[in-house]
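**Q** Handing you this structure, nothing more for now.
There are 6 protein chains.
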Amino acid sequence: MLSKNIVNFLGCDSEYKNAEIVLYGAPFDSTVSFRPGTRFAPQAIRNDSYGLETYSPYQDKDLSDINVFDSGDLELPTGDTQNVLKTIEKRTEIIFEDNKIPFLIGGEHLVTLGSVRAAIKKYKSLNIIHLDAHTDLREDYLGVKLSHACVIRRCWELTGDNRIYQFGIRSGDKSEFEWAKQGHTYLKRFCLEGLDTTIEKLKGEPIYLTVDLDVLDTSYFPGTGTPEPGGVSFLELMNAVIEICSKLRIIGCDVTELCPIYDQSGVSTAIACKIIREMLLALCKTEGDNNG
Amino acid sequence: MLSKNIVNFLGCDSEYKNAEIVLYGAPFDSTVSFRPGTRFAPQAIRNDSYGLETYSPYQDKDLSDINVFDSGDLELPTGDTQNVLKTIEKRTEIIFEDNKIPFLIGGEHLVTLGSVRAAIKKYKSLNIIHLDAHTDLREDYLGVKLSHACVIRRCWELTGDNRIYQFGIRSGDKSEFEWAKQGHTYLKRFCLEGLDTTIEKLKGEPIYLTVDLDVLDTSYFPGTGTPEPGGVSFLELMNAVIEICSKLRIIGCDVTELCPIYDQSGVSTAIACKIIREMLLALCKTEGDNNG
Amino acid sequence: MLSKNIVNFLGCDSEYKNAEIVLYGAPFDSTVSFRPGTRFAPQAIRNDSYGLETYSPYQDKDLSDINVFDSGDLELPTGDTQNVLKTIEKRTEIIFEDNKIPFLIGGEHLVTLGSVRAAIKKYKSLNIIHLDAHTDLREDYLGVKLSHACVIRRCWELTGDNRIYQFGIRSGDKSEFEWAKQGHTYLKRFCLEGLDTTIEKLKGEPIYLTVDLDVLDTSYFPGTGTPEPGGVSFLELMNAVIEICSKLRIIGCDVTELCPIYDQSGVSTAIACKIIREMLLALCKTEGDNNG
Amino acid sequence: MLSKNIVNFLGCDSEYKNAEIVLYGAPFDSTVSFRPGTRFAPQAIRNDSYGLETYSPYQDKDLSDINVFDSGDLELPTGDTQNVLKTIEKRTEIIFEDNKIPFLIGGEHLVTLGSVRAAIKKYKSLNIIHLDAHTDLREDYLGVKLSHACVIRRCWELTGDNRIYQFGIRSGDKSEFEWAKQGHTYLKRFCLEGLDTTIEKLKGEPIYLTVDLDVLDTSYFPGTGTPEPGGVSFLELMNAVIEICSKLRIIGCDVTELCPIYDQSGVSTAIACKIIREMLLALCKTEGDNNG
Amino acid sequence: MLSKNIVNFLGCDSEYKNAEIVLYGAPFDSTVSFRPGTRFAPQAIRNDSYGLETYSPYQDKDLSDINVFDSGDLELPTGDTQNVLKTIEKRTEIIFEDNKIPFLIGGEHLVTLGSVRAAIKKYKSLNIIHLDAHTDLREDYLGVKLSHACVIRRCWELTGDNRIYQFGIRSGDKSEFEWAKQGHTYLKRFCLEGLDTTIEKLKGEPIYLTVDLDVLDTSYFPGTGTPEPGGVSFLELMNAVIEICSKLRIIGCDVTELCPIYDQSGVSTAIACKIIREMLLALCKTEGDNNG
Amino acid sequence: MLSKNIVNFLGCDSEYKNAEIVLYGAPFDSTVSFRPGTRFAPQAIRNDSYGLETYSPYQDKDLSDINVFDSGDLELPTGDTQNVLKTIEKRTEIIFEDNKIPFLIGGEHLVTLGSVRAAIKKYKSLNIIHLDAHTDLREDYLGVKLSHACVIRRCWELTGDNRIYQFGIRSGDKSEFEWAKQGHTYLKRFCLEGLDTTIEKLKGEPIYLTVDLDVLDTSYFPGTGTPEPGGVSFLELMNAVIEICSKLRIIGCDVTELCPIYDQSGVSTAIACKIIREMLLALCKTEGDNNG
């Protein structure tokens with residue numbers, strides 16, 4: 000008898016009950032201000048992950064030795080942002096209930112809000128580490144509050160001051176930078192400097208990590224809706240997420256804003272895959288199904 | 000003194016007060032179920048219209064002889080569908096108040112609803128001619144009522160039965176075809192046959208014409224979000240819109256669903272431009288600024 | 000508990016035991032003489048099938064009413080043509096053993112040979128209907144016998160004379176056309192004329208149908224490795240496969256030679272999807288899982 | 000000893016002294032009003048001709064049986080239109096002196112003027128058959144007389160009235176159509192109708208044939224700088240050039256306006272190749288090197 | 000009453016009379032030796048500037064606080080290089096007469112000559128700072144003197160020795176490097192080193208700054224006609240232009256050689272936009288309309 | 000009399016008998032595991048080399064001063080890997096027999112095996128320097144031994160231990176890294192560090208240099224089948240190949256794995272061209288035809 004066509008991110012084929020981490024995709028891009036298309040990211044990432052190896056020479060670890068379950072993409076009611084966020088929130092809650100780490104693949108950055116809403120219910124004192132080119136701190140964008148340009152502001156409404164650590168930021172409204180400076184968030188402009196100190200400070204705290212891939216320089220990562228030159232290198236980002244995921248208590252995370260159509264070389268998708276691979280390897284503390 | 004950089008659709012440079020027709024763009028694509036990107040259509044159409052001639056050998060008329068004003072694109076609150084539609088509705092109302100014909104360039108097909116809402120206020124017994132590959136008659140799409148897959152159903156809620164004439168339809172849910180057959184709309188499958196009879200029947204009535212360019216076969220028009228092979232030819236569509244616009248009392252119209260990124264040859268944009276040129280030439284009954 | 004990420008062709012989600020037809024992909028393109036890339040066709044077809052409707056207004060049937068199982072793609076040892084063909088042959092045999100219809104999605108056209116090898120074991124008097132732009136009748140191509148340019152010649156070695164019916168052929172070596180004319184195959188140049196007669200003649204006989212999508216004109220189907228202008232229209236092909244599949248005893252079939260990278264509009268993939276949908280609907284004689 | 004890397008159009012590898020036809024490319028596109036890029040056409044055509052067969056089932060002839068020499072591309076002083084045209088003219092003259100048929104591959108349509116200047120010196124009563132979407136009859140374009148929009152007007156200055164036969168024309172300034180109607184050229188709008196009569200009339204006369212490939216409908220041929228929907232089909236054009244080349248006394252010809260970058264599927268280049276193959280096969284009256 | 004469709008570079012919407020800087024585009028690319036297409040740069044830059052923010056965190060300044068007027072693109076007689084240059088020269092003169100800074104957006108690099116001709120009339124002792132990958136110092140290119148490969152040589156004919164400072168140069172004919180070394184220009188190979196000294200030296204002098212964007216490494220800026228790997232980074236170039244524009248007396252400037260079609264990710268256009276934004280912010284010494 | 004259309008890599012137009020180096024292309028990509036298309040690299044490299052200058056400011060040398068012969072592309076029996084390798088081996092042997100340096104342009108990396116087989120016959124104690132992102136040390140790939148993923152393992156079977164020096168490696172199976180560490184090859188992960196020492200050690204020894212261009216970071220070189228972020232910069236690679244080629248006794252070399260279709264900007268091809276130019280200039284010890 001032939002088996003069904005299961006399509007996972009490379010090497011993420013644990014049984015759900017054994018999994019330490021659960022992947023899920025949110026193919027949503029309806030609030031973006033410039034160029035849409037991130038909805039196709041989760042699919043592209045799964046498909047092109049087969050161009051990767053399961054083994055990382057950076058961490059000397061292998062995806063085949065860890066326990067990850069890929070639960071596929073959410074079916075989202077495009078056009079109804081409130082319900083989209085609720086659908087994301089529900090899936091995240093289920094994963095939390097089963098004591099696993101939710102790993103969300105966007106979609107645009109607004110999807111983070113769904114996950115963070117679920118996280119904050121479980122972890123009242125949640126901190127957020129935010130790697131991005133953009134501040135995402137607007138009160139609203141042309142009157143719209145649920146916009147990818149406002150997502151961190153919405154998260155701040157849940158966490159309160161001094162809970163959000165932003166790195167790599169190089170674009171935003173003047174007022175957003177000023178608002179951050181008033182003490183609402185820690186905002187490091189242009190680069191990832193100071194991340195070590197932040198990691199030191201947050202040890203043991205529950206952390207949600209949100210990676211907007213446009214934190215990368217456009218030379219590395221052209222495949223995104225709102226390209227911002229002047230960002231960090233692939234190795235800087237890779238080392239940063241390895242540090243964060245291996246040293247801190249990450250209770251949930253996401254990777255967002257890959258827009259595959261704007262990079263037909265597939266390089267941006269390959270980078271997304273590799274960042275996800277390294278995050279998974281750094282997050283997993285236990286050995287895989289196959290090893291015992 | 001140097002002048003400002005005014006960018007119009009080719010030859011549409013009348014003064015507003017003289018204009019018989021007013022162009023406006025709705026760069027919106029947030030409810031589409033498959034591939035977004037139609038938001039860039041109005042801009043692409045204006046830019047590439049300069050590859051056209053103002054003269055049509057088909058109608059032996061010239062854009063430089065008619066009065067059209069191009070009012071540019073609306074600024075739309077992406078992510079908030081209700082307000083997007085209100086913004087479109089308001090612009091349409093202004094144009095109606097000034098006794099001009101509103102000519103909307105989408106964007107996805109849902110933008111039609113904004114225009115039709117304005118039209119129905121002025122013309123209680125409005126009829127709609129709808130050229131499309133898709134039925135667009137769903138009650139909702141994954142629970143979302145304001146979706147491009149439901150736009151004609153939403154229009155029907157305004158017009159009632161026997162007011163909507165659909166041509167070229169070749170894709171939809173089974174229940175949509177059946178709902179149409181129950182007498183709610185006139186639905187001609189696959190082609191434009193029977194249009195003559197419809198034109199005969201509707202003479203003198205107030206008509207809104209909505210053209211979803213995916214009514215064209217995909218060989219002619221690959222640049223669209225939801226490609227449906229099996230459609231009509233460019234010449235069939237061009238002749239149809241010339242007939243409709245010259246013989247009927249068109250009180251408003253739109254052209255939607257060009258998605259430029261999916262046709263990097265520019266052919267789909269060129270076709271959109273030519274369809275718009277022929278519609279403008281067929282709609283205008285008076286002579287232009289330059290001629291008197 | 001969350002479920003696994005099963006990715007099927009649209010609506011093909013029967014249980015294996017109930018299925019009348021079984022889909023399987025052969026992501027192989029190593030013998031092509033010009034431009035490779037068909038290996039990505041099965042994946043692209045599954046992904047983009049979600050831009051389709053399950054309902055066909057052409058046949059008034061719905062994929063949700065029939066029983067099809069999608070068994071995913073074969074894992075093929077690229078670079079070792081003999082073993083690639085054996086892998087295809089084995090999967091086909093399993094499907095035959097379970098009394099289901101194998102429906103293979105290529106890949107390049109050589110994959111057909113794997114299926115036909117399995118078919119001829121079960122059906123000694125097998126006939127083949129072959130829709131293609133190319134003769135595919137070479138004895139060898141630069142000395143290589145297992146080449147996509149030779150696949151029908153290899154099939155003929157299995158079936159013998161008067162068993163292969165070729166339509167739409169418009170490209171080949173002079174000697175190939177002459178070889179066919181010697182009575183080895185029935186070869187209809189340029190178009191599908193005479194298909195009716197062939198269908199009449201073959202009623203009740205076991206038939207394998209192989210569709211090389213480049214039989215379509217390049218205006219409809221640019222996404223292929225060896226584009227040949229001068230082919231048939233989408234509607235001609237669609238009607239032909241509906242006729243063949245509904246009127247004849249098709250014991251196996253395939254659809255090959257979509258090369259997605261050469262059509263970034265996605266139109267060629269959409270056409271492949273629709274041809275497959277119509278073939279599935281025409282092939283299925285029984286009602287689906289859901290119905291009873 | 001290894002041989003040099005000679006790159007010819009498929010099968011055009013006669014020795015110069017034996018050749019009946021001589022190919023040469025003019026990689027020039029500096030005067031185009033909209034989108035440049037035709038300079039890469041001759042190279043693309045040679046490269047992709049290897050996706051073709053040498054045999055034509057339409058004419059039952061084979062390139063390997065005729066005598067054609069490919070003399071490669073001219074080195075053109077881009078930016079100096081006068082000298083570009085002189086360079087083309089000189090190469091054409093050499094070919095005429097050696098009593099061979101010059102077959103020019105553009106580049107933009109202005110290159111025709113170089114060839115026609117040479118032709119008119121040898122054939123005082125030259126006639127021109129012109130297949131195109133555009134009139135190309137402007138006196139000047141923004142003051143520029145040597146523009147691709149004026150090329151046929153410049154040719155008319157050499158031939159005088161009643162010598163130019165235009166087919167397929169569907170775009171131009173109103174005044175151009177009127178100027179033609181005054182009796183300067185024969186201009187058939189939209190299609191190739193009436194070509195039979197023209198062929199009948201011109202039998203035995205010296206004819207220069209100039210094919211602007213944008214005479215094709217954009218569904219067949221998207222790869223061109225100024226796309227004009229509403230044109231002729233591939234088979235109509237192919238049959239027309241076979242008729243013209245086999246029945247008339249063609250003393251020189253060209254194929255222009257392929258712009259490869261605007262059709263990344265390669266279909267437009269494939270069409271250019273096939274049109275050229277059919278023209279070569281129809282032009283050659285003698286047998287090839289290989290046959291004697 | 001509806002307003003006209005004015006399309007400016009982001010935030011450059013001052014009234015002409017108030018403007019300190021005037022933008023103008025020169026959509027010209029007819030003399031390029033390799034790949035044309037820069038004519039579409041000014042349009043692409045205006046359109047995609049809306050993906051930017053008006054605020055620069057690098058300079059802590061905002062486009063909404065300065066006075067820039069965008070006068071749109073010149074209408075250029077493509078194919079007649081002399082007149083193209085005259086048209087550019089005239090527009091530049093008007094801007095000089097009104098005591099504003101001309102900011103030209105190319106097009107190919109030859110457009111600089113039009114501007115420099117106007118500048119040298121007003122500023123006899125003009126110096127030029129030239130950032131580029133290419134020497135642009137040829138006496139002629141295939142006999143053509145008005146070529147993008149000769150533009151700096153042509154400028155030198157106007158300024159004389161010791162007036163031109165070239166940085167980032169990594170490609171050219173051997174003789175060009177030698178000619179520079181003879182003391183005609185200051186030429187810094189490969190990088191921007193020594194720019195500080197140049198700035199120090201030129202303080203207070205009238206300077207024309209010409210930026211050929213291919214000075215950037217191809218990893219940052221693939222969208223150009225003649226890609227030259229081995230260049231400077233985005234941040235190096237951005238910092239350089241900020242230094243030059245804020246510390247020196249720039250009397251005119253340009254940004255050239257973006258070729259949008261060769262970078263369909265839009266990243267190259269985004270970089271052009273950001274470089275222009277930073278130059279505008281560094282150039283403006285007075286406060287904007289809105290602030291007083 | 001007109002001359003034939005010879006297409007060489009820029010400036011490589013020596014007579015064969017005078018040539019020190021012989022170029023040849025192997026358009027083969029049938030064993031690649033992920034994305035094929037490298038077969039078009041040799042053609043793309045020749046065509047786009049005309050965007051380069053013959054002069055290198057890095058080495059102050061000029062291609063017009065050295066003796067290189069371009070023998071074009073091999074005609075390879077696609078689909079029959081054994082014969083493909085034999086064809087490559089034979090051409091390499093001819094070049095060795097004539098005491099010239101073979102310079103192979105791939106195609107996929109497996110083509111190296113053909114060249115190395117020829118080299119090892121002549122140079123028993125051959126050493127290989129291998130620049131790559133991938134280990135290429137698998138015993139087999141899905142049972143296939145002649146795969147691009149196994150090419151260096153196959154070479155090792157010919158050279159034995161301690162003869163292969165790998166640099167830049169950042170991807171592979173865990174077991175491949177371990178196998179290398181057992182002393183079979185010298186393997187430097189991630190970068191080119193240690194190359195100086197290797198050069199010092201190998202002085203005077205016969206060396207084959209194989210460059211898989213994916214050793215470059217994907218920001219520089221997106222045009223490859225299996226993109227691996229995290230690689231070396233263009234300048235690092237260029238300096239490395241100049242060092243290796245000028246200081247060591249290179250008896251043969253190759254450059255592989257450019258896949259032009261995945262970088263439509265042409266930047267990857269431009270980089271391949273420049274790396275080849277610098278290698279040629281560094282390899283040549285004698286003066287060219289033109290100089291004596």
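Residue numbers (numbering that gives the first Met the number 0), protein chains in the order written: chain G, 0 to 291; chain E, 0 to 291; chain F, 0 to 291; chain Z, 0 to 291; chain X, 0 to 291; chain A, 0 to 291.
All residues carry an ideal CB built from backbone N, CA and C; glycine is no exception.
Values in this document were obtained by computation on a predicted structure and should not be read as measured data.
Mind listing the chain X neighbours of A/Lys123? Cutoff is C-beta to C-beta under 7 Å, in chain order.
**A** Within 7 Å Cβ-Cβ: nothing; A/Lys123 doesn't reach chain X, min ~38 Å.
**Q** Give, in chain order, every residue of the segment 41-75 of chain X whose Cβ lies closer than 9 Å to some Cβ of chain Z.
**A** For the segment 41-75 of chain X, which is checked against every Cβ of chain Z, the residues closer than 9 Å are Glu74 and Leu75.
**Q** If you reduce the DSSP assignment to three classes, tell me which class X/Gln165 lands in.
**A** Here X/Gln165 sits in strand by DSSP.
**Q** Looking at the secondary structure, which residues open and close the alpha helix (DSSP H) in which G/Asp195 lies?
**A** Leu194 to Leu201 is the extent of the alpha helix (DSSP H) around G/Asp195.
**Q** Check the Cβ of F/Thr80 against every Cβ in chain A and list those closer than 7 Å, keeping chain order.
**A** Residues of chain A passing the Cβ test: Gly78.
**Q** Using a Cβ-Cβ cut-off of 8 Å, state whether E/Phe233 counts as contacting chain D.
**A** Protein chains in the displayed structure are G, E, F, Z, X and A, and chain D is not among them.
**Q** Quick one: which residues of the segment 135-157 of chain E get their C-beta closer than 8 Å to a C-beta of chain G? List them in chain order.
**A** Correct list: Tyr140, Leu141, Gly142, Val143, Leu145 and Ser146.
**Q** My output table needs one value for G/Cys283: the three-state DSSP class, helix, strand or coil.
**A** Reduced to three states, the DSSP call for G/Cys283 is coil.
**Q** I need the DSSP call for A/Asn290, collapsed to helix, strand or coil.
**A** No answer about A/Asn290 holds up, because its pLDDT of 42 lies below 50 and its placement is not dependable.
**Q** When we look at the beta-carbon of F/Lys273 and count the other beta-carbons within 10 Å, is it buried (16 or more) or exposed?
**A** F/Lys273 is buried by the Cβ-count criterion.
**Q** Where E/Thr77 and G/Ile206 are concerned, what is the direct C-alpha to C-alpha distance, given to the nearest angstrom?
**A** When rounded, the distance between both Cα atoms is 31 Å.
**Q** Compare the Cα-Cα distances from E/Lys200 to each of E/Lys173, E/Glu235 and E/Arg162 and report the closest residue.
**A** If we check each option's Cα against that of E/Lys200, E/Arg162 comes out closest.
**Q** State the DSSP-derived secondary structure class of Z/Tyr23, mapped to helix, strand or coil.
**A** Of the three classes helix, strand and coil, the one that applies to Z/Tyr23 here is strand, per DSSP.
**Q** Please name the residue in F/Leu130, F/Pro226, F/Val110 and F/Arg248 whose C-alpha comes closest to that of F/Pro259.
**A** Answer by Cα proximity: F/Pro226.
**Q** Are the CB atoms of E/Gly229 and E/Asp216 nearer to each other than 8 Å?
**A** For E/Gly229 and E/Asp216, yes; Cβs fall inside 8 Å.
**Q** Please decide whether X/Ile241 counts as near chain G, where near means a Cβ-Cβ distance under 8 Å.
**A** Closer than 8 Å: no.
**Q** With 16 as the cutoff for other CB atoms within 10 Å, does E/Glu19 come out buried or exposed?
**A** Classification of E/Glu19: buried, given that the 10 Å Cβ count is 16 or more.
**Q** Is there a C-beta anywhere in chain X that falls below 8 Å from the one on Z/Ile29?
**A** It should be pointed out that residue 29 of chain Z corresponds to Ser in this sequence rather than to Ile. Judged by the 8 Å Cβ criterion, Z/Ser29 is in contact with chain X.
**Q** Quick check on E/Met0: buried or exposed, where buried means 16 or more other Cβ atoms within 10 Å of its Cβ?
**A** Exposed, because fewer than 16 other Cβ atoms sit within 10 Å of the Cβ of E/Met0.
**Q** Assign F/Asp12 to one of three DSSP states: helix, strand, or coil.
**A** F/Asp12 falls in the strand class under three-state DSSP.
**Q** Give me the residue from Z/Val150, Z/Glu242, Z/Glu14 and Z/Gly50 with the minimum Cα distance to Z/Thr268.
**A** Comparing Cα-Cα distances from Z/Thr268 to each of Z/Val150, Z/Glu242, Z/Glu14 and Z/Gly50, the minimum goes to Z/Gly50.
**Q** Name, in chain order, the residues that DSSP records as bridge partners for Z/Leu208.
**A** In the DSSP output, where bridge partners are listed per residue, Z/Leu208 has Z/Ile128 and Z/Cys252.
**Q** Counting C-beta neighbours from all protein chains within 10 Å, is the total for A/Glu156 16 or more, i.e. buried, or is it exposed?
**A** A/Glu156 should be labelled exposed.
**Q** Give me, in chain order, the residues of the same chain whose beta-carbon lies closer than 8 Å to that of X/Glu138; leave out the 5 immediate sequence neighbours on both sides.
**A** Cβ within range, chain order: Lys144, Cys149 and Arg152.
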